[in-house]
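Engineer: Before we start, here is the structure in question, set down as structure tokens.
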Amino acid sequence: MDVIKNTFPITTNITSAGKLEIGGCDIESLAQKHQTPFYIYDTHHIEQVCDEYVNEFNNIYDNTQVVYGSKAFANKSIFKIISEKGLGVDVVSGGELTLAVLSGIPPDKIYFHGNNKTPTELELAQEAKLTKIVVDGFYELELLNSLSKKNGIVQDIMIRLSPAIELDERTHEYTTTGILDSKFGFAIDNGDAEKAINLISEYGNLNLIGIHFHLGSPLFSTKPYELGIRKVAQFISDFNNFDLQEFSPGGGFAVPYTREDSPPKVKDYASVICNTMNDVISEFNLPKPKLVIEPGRAITGPAGVAIYTVGAIKNIENVRKFISVDGGMGDNIRPALYGAKYEAIVVNRLWDERPKEKVTIVGKYCESGDILIKDIELPEIKSGDLIAIPVSGAYSTSMASNYNMNPRPEIVSLKDGMDQIIRKRETFADLFKMDV
Ligand SMILES: Cc1ncc(COP(=O)(O)O)c(C=O)c1O
-7 MDVIKNTFPI TTNITSAGKL EIGGCDIESL AQKHQTPFYI YDTHHIEQVC DEYVNEFNNI
53 YDNTQVVYGS KAFANKSIFK IISEKGLGVD VVSGGELTLA VLSGIPPDKI YFHGNNKTPT
113 ELELAQEAKL TKIVVDGFYE LELLNSLSKK NGIVQDIMIR LSPAIELDER THEYTTTGIL
173 DSKFGFAIDN GDAEKAINLI SEYGNLNLIG IHFHLGSPLF STKPYELGIR KVAQFISDFN
233 NFDLQEFSPG GGFAVPYTRE DSPPKVKDYA SVICNTMNDV ISEFNLPKPK LVIEPGRAIT
293 GPAGVAIYTV GAIKNIENVR KFISVDGGMG DNIRPALYGA KYEAIVVNRL WDERPKEKVT
353 IVGKYCESGD ILIKDIELPE IKSGDLIAIP VSGAYSTSMA SNYNMNPRPE IVSLKDGMDQ
413 IIRKRETFAD LFKMDV
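Numbered according to this note's numbering, the sequence shown spans residues -7 to 428.
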């Protein structure tokens, strides 16, 4: 089955009895035990992908640090896995930062991004002795310089640049970040980036140690990385007022969400990024910096699968058949937010060879836009069937909400036939415990 091969985690297996197994666990039995909706993570898959990124990049550029873009899914157990694999963590809020610190990620491997870090978050970053605060704009530069002065330190920083690299239509405008018309970073083309670098060397309490840019995500082509690295490298080669120790072309490595998607392989991204780095270092006579890459969705996306139970079915003859599941936009906003596409399988009908019918899978939330998958061909579905949506491990539960006062789902990791809850399901009481 293409969809299993292309989109499900690597330990996925269909048994001779036609049962779906992931991480050595039978998914139908898990659904009985944990109750739907819930998300599973194949931790073996996560480990494999971490190793692949570390090895493929270091094979060509031997000073590469892989950093997990934790906005994809920040969780204590996941942080433990990626940390054991030697990865750092990219955080974008005081919450993610606190979790990274509590999870034992070394401060010099925590990269603090964000276009509007608050004074409290910057204080927190300094208390945690971060050396990779990635400054995003002039307001933050001034704030951080004053804070560093007050705390009597010289703060190591990186800055985020915006190199104006346009992306093709496969990257949604909401996730395109390296263009002039973006809230992120100092633009090169309008002179802001130059101004920022000169300002830092005039300020007394900031020490620029590296340059970062992130073009957008996902990037189904390797070309933008090459263009971005070239443009940024050429730009910084004009400056001699800082010591380039780190260079980061960000994340955005694509994953196959559907059976048709065929994004570049890790080794393709590694080849283009590392070889371009080597080229520009000699071409522009740069010192060899540490290369920092920030895969987020690539680490946790394909390892995660959402499991739902079908409830109401509404068939409007010659119009549409709606299949309602017990989750939806509250646990996965991506289809509603930017038209993200997914596959689905009916877990308990893998054996079903009857002709398929076209259905639309919707959630239980009070919005007509609460559509998980529009027009997918599946075997005839009945209420009570189990639906699995693969590649749900990134930007799903991390963007989850309690809309309509629905509890957020349980999250379970699977490995070697063992299942372990890594985030409990919220209770109704949790939903209003902060109300007064
Ligand atoms: C600065 C930065 N790095 C890394 C990432 C991770 O992107 P992805 O999950 O597509 O790899 C993002 C995503 O928004 C980002 O903003």
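Idealized CB from N, CA, C, for every residue including glycine. Values in this document were obtained by computation on a predicted structure and should not be read as measured data.
Determine the extent of the alpha helix (DSSP H) in which Q27 is found, giving its start and end residues.
Structural biologist: Element bounds for Q27: n/a, residue is neither H nor E.
Engineer: Spatial neighbours of D377 within its chain, please: C-beta separation below 7 Å, excluding the five flanking residues on both sides.
Structural biologist: Here the set comprises V302, V338, N340, R341.
Engineer: Give the straight-line distance between the Cα atoms of D260 and G243, rounded to the nearest whole angstrom.
Structural biologist: The alpha-carbon atoms of D260 and G243 are separated by roughly 14 Å.
Engineer: Does I149 have its Cβ less than 8 Å from a Cβ in chain B?
Structural biologist: Chain labels in this structure do not include chain B; a single protein chain is all it has.
Engineer: What residue range does the beta strand (DSSP E) around I308 cover?
Structural biologist: I308 -> beta strand (DSSP E) spans 296 to 308.
Engineer: Cα separation between Y334 and K407?
Structural biologist: One C-alpha to the other measures close to 24 Å.
Engineer: If the criterion is Cβ atoms closer than 8 Å, does the pair Q237 and F276 meet it?
Structural biologist: Going by C-beta atoms, Q237 is not nearer than 8 Å to F276.
Engineer: Using beta-carbon positions only, say whether P371 and K350 come within less than 8 Å of one another.
Structural biologist: No, these two residues do not count as a Cβ contact at 8 Å.
Engineer: Taking 7 Å as the cut-off, is the C-beta of S209 nearer than that to any heavy atom in ligand 1?
Structural biologist: Yes, the beta carbon of S209 sits closer than 7 Å to at least one heavy atom of ligand 1.
Engineer: Measuring alpha carbon to alpha carbon, tell me which of L200, V83, E161 ends up nearest N137.
Structural biologist: It is L200.
Engineer: Given that a residue counts as buried once 16 or more other Cβ atoms are within 10 Å of its Cβ, and exposed if not, what is R162?
Structural biologist: So R162 counts as exposed.
Engineer: Measuring CA to CA, which of S360, P294, M391 is closest to L35?
Structural biologist: Looking at the sequence shown, residue 35 is not Leu but Thr. Closest by alpha carbon: P294.
Engineer: With a threshold of 8 Å on Cβ separation, who are the neighbours of T352 within its own chain once the five nearest residues in sequence on each side are excluded?
Structural biologist: Closer than 8 Å at Cβ, skipping near neighbours: R312, K313, F314, I315, I363, I365, K366, D367, I368.
Engineer: What does the Cβ neighbour count give for K101, buried or exposed, with the cut at 16 atoms within 10 Å?
Structural biologist: With 16 or more Cβ atoms within 10 Å of its Cβ, K101 is classed as buried.
Engineer: Span of the alpha helix (DSSP H) holding G220?
Structural biologist: It spans 215 to 228 - the alpha helix (DSSP H) in which G220 sits, taken as one unbroken run.
Engineer: Please confirm if the stretch 46 to 57 is in contact with the stretch 249 to 265, defined as three or more CB-CB distances below 8 Å between the two stretches.
Structural biologist: These segments touch.
Engineer: From S213, P155, D253, Q147, pick the residue whose C-alpha is nearest to that of S193; which is it?
Structural biologist: If we check each option's Cα against that of S193, Q147 comes out closest.
Engineer: For F126, which of helix, strand or coil comes out of DSSP?
Structural biologist: Just to set this straight, residue 126 is Val in the shown sequence, not Phe. It is a strand residue.
Engineer: Pull the bridge partners of Q147 from the DSSP assignment, please.
Structural biologist: DSSP lists L198 as partners of Q147.
Engineer: Look at the alpha carbon of F420 and the alpha carbon of D323, and state the distance between them as a whole number of angstroms.
Structural biologist: Looking at the two C-alpha atoms, the distance is approximately 16 Å.
Engineer: Just mark V428 as buried or exposed, buried being the case when its beta carbon has 16 or more other beta carbons within 10 Å.
Structural biologist: That one is exposed.
Engineer: Report whether the distance from the Cβ of A117 to the nearest heavy atom of ligand 1 is below 7 Å.
Structural biologist: The answer is no for A117.
Engineer: Within a Cβ cutoff of 6 Å, which residues of the same chain sit near R400, ignoring the five residues on either side of it in sequence?
Structural biologist: For R400, where only same-chain residues beyond five positions count, the Cβ hits under 6 Å are A392, E418.
Engineer: Less than 8 Å between the C-beta atoms of A298 and S388, yes or no?
Structural biologist: Result yes, Cβ atoms of A298 and S388 sit closer than 8 Å.
Engineer: Where DSSP assigns a beta bridge to D82, which residues make up the other side?
Structural biologist: BP columns for D82 point to G61, Y103.
Engineer: Report yes or no: do the stretch 89 to 104 and the stretch 66 to 80 share at least 3 C-beta pairs separated by less than 8 Å?
Structural biologist: Yes, they touch.
Engineer: Is the stretch 151 to 169 touching the stretch 178 to 192 in the sense that three or more CB pairs, one from each, lie closer than 8 Å?
Structural biologist: The stretch 178 to 192 vs the stretch 151 to 169: in contact.
Engineer: Y249 and A332 - do their beta-carbons sit closer together than 8 Å?
Structural biologist: The answer is yes: Cβ separation under 8 Å.
Engineer: Determine the closest residue to T168 out of E402, S209, E186, with distance taken between C-alpha atoms.
Structural biologist: When only C-alpha atoms are compared, the closest one is S209.
Engineer: Beta strand (DSSP E) containing E402: first to last residue?
Structural biologist: Segment 402 to 407, the beta strand (DSSP E) holding E402.
Engineer: Compute the minimum distance between the beta carbon of G355 and the heavy atoms of ligand 1, and state whether it is under 7 Å.
Structural biologist: No, ligand 1 has no heavy atom inside 7 Å of this Cβ.
Engineer: Ligand 1 and G80: does the residue's C-beta get closer than 7 Å to at least one heavy atom of that ligand?
Structural biologist: Checking the Cβ of G80 against ligand 1 gives no.
Engineer: Report back the beta-carbon spacing between I38 and T214 to the nearest angstrom; my notes put them in contact at under 8 Å.
Structural biologist: That pair is no contact at about 23 Å.
Engineer: Among residues of its own chain, excluding the 5 on either side of E16, which ones have a beta-carbon nearer than 6 Å to its beta-carbon?
Structural biologist: For clarity, residue 16 is Gly in the given sequence; the question names Glu instead. Result list for G16: D408, G409, in chain order.
Engineer: Are the CB atoms of V284 and S229 within a distance shorter than 8 Å?
Structural biologist: No, they are not a contact pair.
Engineer: Of all the options F130, D82, P255, which has the alpha carbon lying nearest to the alpha carbon of A117?
Structural biologist: The candidate whose alpha carbon is nearest that of A117 is D82.
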